[in-house]
Structure formats: C-alpha cells, structure tokens
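> First, the structure itself, so that you have it in front of you.
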Amino acid sequence: MIARFSLRSSQALTYDTFSTTVSQIPARGPAHQMTNSRTVYVGDAIGFLSDPLAPGITPALPNALAVMALAQLVLTRTVFGRNLVGIVKGAAIAVAEVLDYASQPPQVREGVMPRAGKAGRPATV
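The opening residue of the sequence shown carries number 60 in the numbering used here; numbering runs sequentially from there.
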C-alpha cells in the first residue's frame, strides 16, 4: 500500500523516485561512520525539535519549508541548479533541453553528482 502511494504521488507530482532514493544513499555512509554501525538513541539531544512553537507547529515545519524554498531557488535560479536538473534527468533528456552532457568538462560531470548526493542528505534526516 505504501509503495503504491509512493508511486502514485511521484507520478502526480512528476518527481523521479530513483533520484530521491539515490540522494538518500550518501547520507547513510556518514551515519554509519558516526555511529560505528550501532543503533544510537538521540532523542534527548534533539528533543527541542519536537517542542511546539505554536499550537501544532514544531520547528521541523518551518525548517522543512525553508529548506524546500532554498532548494527550489537553487534549482530554478542558478546555472548549477539547471545543470544539476539536466544531468540528473539523464543525458538523453539533457541534450533535448540544450544541455549537452557529453561536452561538459569532466569536473562538471564528476562534480555535480556527488554534490547532488550531499544536497540530498538533509532531506534524509
């Protein structure tokens, strides 16, 4: 049921579930290294995040909205964002969108994807 909901929502909102999953993978490495592969309870250390700012509004909501707004601005208003979107969509689609992936310098091809993974880490938290 959850998988079906995820598929339908990704189709309705037109986002790529594979890209979302790929951005979560790099976040697991640092978490694995920081905890030495142990389950760690961090509830008390981040308990302030659940204290309401107003009735029914925790700090997580404004933080999530701010991160989403910042990400949207980066993706739509910067050259890096347009390159990132083009490269993530794939070389064939990127060429159709006037971004020739093959002609990009290696530092762009090899630098954008790791940065995309790092950019996705906060979303996994």
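The beta carbon of each residue, even a glycine, is placed where N, CA and C say it ideally should be.
To the nearest angstrom, how far is it from the Cα of arginine 136 to the Cα of asparagine 122?
Taking the sequence shown and counting its residues from 1, one reaches residue 136 at position 77. Taking the sequence shown and counting its residues from 1, one reaches residue 122 at position 63. Their backbone Cα atoms lie some 21 Å apart in a straight line.
> Work out the CA separation of isoleucine 116 and glycine 88 for me, nearest whole Å.
The residue you call residue 88 lines up with position 29 of the sequence shown. The residue you call residue 116 lines up with position 57 of the sequence shown. Approximately 31 Å between the Cα atoms of the pair.
> Taking the Cβ atom as the reference point for each residue, do leucine 108 and alanine 119 lie within a distance shorter than 8 Å?
Translated into the one-based positions of the sequence shown, residue 108 becomes position 49. Translated into the one-based positions of the sequence shown, residue 119 becomes position 60. Contact flag set, yes.
> Give me whichever residues DSSP pairs with alanine 113 in a beta bridge.
For this step, residue 113 is matched to residue 54 along the sequence shown. Looking at the DSSP assignment, alanine 113 forms a beta bridge with Ile116.
> Out of curiosity, what's the CA-to-CA distance linking valine 101 and threonine 94?
If you number the sequence shown from 1, residue 101 lands on position 42. If you number the sequence shown from 1, residue 94 lands on position 35. For valine 101 and threonine 94, the distance between alpha carbons rounds to 11 Å.
> Does DSSP classify glycine 102 as helix, strand or coil?
Along the sequence shown, one-based indexing puts residue 102 at 43. Correct three-state label for glycine 102: coil.
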